[in-house]
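In this note's numbering, the protein residues as written are 62 to 490.
Don't be surprised by glycine CBs; every beta carbon is placed ideally from N, CA and C.
Here's the structure we're looking at; comments come further down.
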Ligand code: AMP
Ligand code: GLY
């Protein structure tokens with residue numbers, strides 16, 4: 062099978078690494094990819110949102126299966142675009158249509174969807190320029206902290222959590238009339254603050270059947286002890302110790318199944334991943350957000366725990382035969398530590414020479430922002446490399462990830478030293 066992955070981060074390197082191991086894979090391409098994907102696949106210099114060029118490449122290279130990594134092409138309608146091309150009618154895609162991608166593309170849509178199907182989530186109201194003053198008054202009736210979310214895609218930066226009422230009211234005004242997040246904040250969701258521990262659950266669906274992939278917890282803030290600015294993610298662990306069978310059963314019954322029922326009832330054909338960001342509130346799951354793709358760096362701990370053939374699984378999903386696909390999970394723990402560029406998520410430098418990769422032992426180095434420059438590997442993004450280890454216990458896996466984090470060197474290297482620390486009291490060994 063000729064496979065084409067769209068995207069360029071650690072998530073896509075993890076996909077490529079796993080798919081390349083499949084005996085079903087006869088050719089593997091990644092657009093645009095990074096220096097890591099180039100070691101297991103062929104990089105193609107096309108942006109993941111350049112639909113015309115992607116379509117052209119798919120035809121010329123007789124691609125059979127496309128796996129979409131990031132949300133941007135999905136929200137922009139990549140799947141619908143492919144479906145409209147007669148030359149591409151045999152191409153199968155893992156990723157939802159534009160209508161399905163609305164679950165991530167519009168928080169207001171996602172909230173209304175959850176309300177329609179009784180899916181547990183924080184109480185909310187939506188505001189725009191027409192009812193802004195009502196929103197200001199509404200905030201005054203709510204308790205701190207105030208949660209304000211830009212409706213549209215804002216590169217993971219569109220959520221504000223504010224302690225002071227006056228500040229929250231000013232922020233609401235700024236989001237709506239001051240276009241704080243551009244068009245994304247023309248509509249703002251104001252929701253109840255949920256107190257609990259977060260985790261992510263991943264679902265692969267063929268529109269009817271589904272498989273629950275391993276759950277993971279990521280570490281979003283740049284600083285230790287969950288302080289500082291939000292990032293794309295500084296590390297992750299899987300499994301999540303508090304997500305036991307009883308909890309995951311609730312997730313399936315109260316969230317996953319009604320979500321799929323809802324999609325079907327609305328006539329939304331959904332083949333792909335659903336990433337459900339959850340808050341565990343005293344043992345009960347509430348949806349914080351839907352994403353229509355896998356998480357990054359969560360993928361870097363989820364994929365290494367899939368023992369069976371991942372390409373077979375994706376292929377089955379795209380053929381709507383997920384019910385019969387092989388699926389086996391490794392019971393061991395995976396941890397990943399993300400090395401980033403100094404300054405990230407604010408301004409940072411790139412082009413720094415990376416060394417030490419050849420000395421790594423018992424870890425998988427998933428590249429995020431890297432580039433080959435002649436004979437040298439250099440940094441090319443805020444998040445640089447995710448170091449994943451798999452071991453019988455979480456402390457053992459963390460030790461391997463951290464030993465690798467010390468081994469790799471480049472100017473400005475930074476990483477959080479407390480990945481998984483908050484969970485250690487829940488695990489033995
Ligand atoms: P999101 O972009 O929707 O994932 O939100 C970013 C982060 O804000 C989440 O990972 C949570 O840590 C936090 N957050 C979002 N919504 C809520 C909520 N209703 N209650 C508490 N924290 C929240
Ligand atoms: N790590 C969070 C995300 O991928 O959105």
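Does the Cβ-Cβ distance between residue i and residue j come in under 9 Å?
i	j	result
residue 161	residue 132	no
residue 128	residue 76	yes
residue 417	residue 468	yes
residue 300	residue 275	yes
residue 346	residue 355	no
residue 267	residue 383	yes
residue 359	residue 336	yes
residue 92	residue 109	yes
residue 70	residue 287	no
residue 302	residue 488	yes
residue 85	residue 376	yes
residue 396	residue 296	yes
Nearest-angstrom Cα distance between residue i and residue j?
i	j	result
residue 173	residue 280	28 Å
residue 74	residue 283	22 Å
residue 72	residue 157	18 Å
residue 427	residue 102	13 Å
residue 419	residue 372	28 Å
residue 402	residue 413	9 Å
residue 124	residue 152	7 Å
residue 239	residue 195	17 Å
residue 421	residue 221	39 Å
residue 206	residue 394	34 Å
residue 199	residue 255	18 Å
residue 390	residue 273	10 Å
residue 139	residue 352	16 Å
residue 278	residue 232	29 Å
residue 405	residue 433	21 Å
residue 104	residue 289	35 Å
residue 425	residue 348	31 Å
residue 350	residue 400	26 Å
residue 227	residue 193	14 Å
I'd like the span of the beta strand (DSSP E) that includes residue i, first residue to last.
i	result
residue 437	437-440
residue 494	Only positions 62 to 490 of the chain appear in this structure, which leaves residue 494 out of reach.
residue 282	282-284
residue 478	No beta strand (DSSP E) holds residue 478; DSSP gives it neither H nor E.
residue 504	No information on residue 504 is available, as it lies outside the stretch 62 to 490 that the chain covers here.
residue 349	345-352
residue 258	258-266
When DSSP builds the beta bridges, which residues end up paired with residue i?
i	result
residue 92	67
residue 468	Answer by DSSP bridge pairing: none, since residue 468 is not bridged.
residue 38	Only positions 62 to 490 of the chain appear in the structure, and residue 38 is not among them; the question remains open.
residue 463	None; residue 463 has no bridge partner.
residue 367	390
residue 474	402
Nearest to residue i by alpha carbon, out of the options?
i	options	result
residue 407	347, 376, 442, 329	442
residue 246	252, 236, 255, 317	236
residue 410	444, 230, 187, 300	444
residue 265	215, 386, 204, 452	386
residue 461	473, 378, 475, 480	480
residue 257	295, 344, 97, 210	344
residue 454	403, 392, 463	392
residue 82	380, 104, 369, 475	369
residue 182	470, 389, 317	317
residue 215	197, 209, 242, 114	242
residue 204	90, 147, 224, 211	224
residue 330	218, 380, 190	380
residue 64	154, 135, 227, 117	154
residue 141	130, 126, 147, 159	159
residue 470	211, 415, 464	415
residue 324	134, 478, 98, 180	180
residue 253	476, 176, 209, 312	209
residue 312	291, 197, 263	263
residue 147	130, 116, 176, 217	116
In the DSSP assignment, the alpha helix (DSSP H) including residue i goes from what residue to what residue?
i	result
residue 177	168-177
residue 379	371-379
residue 326	318-326
residue 275	No alpha helix (DSSP H) holds residue 275; the beta strand (DSSP E) holding it covers 271-279.
Hey, does residue i have any beta-carbon neighbour from chain C nearer than 9 Å?
i	result
residue 331	The chain labelled as chain C is not found in the depicted structure, where only one protein chain is given.
Just to confirm, does residue i get its C-beta within under 8 Å of one of the non-hydrogen atoms of ligand 4?
i	result
residue 168	Ligands in the displayed structure: ligand 1 and ligand 2; ligand 4 is not one of them.
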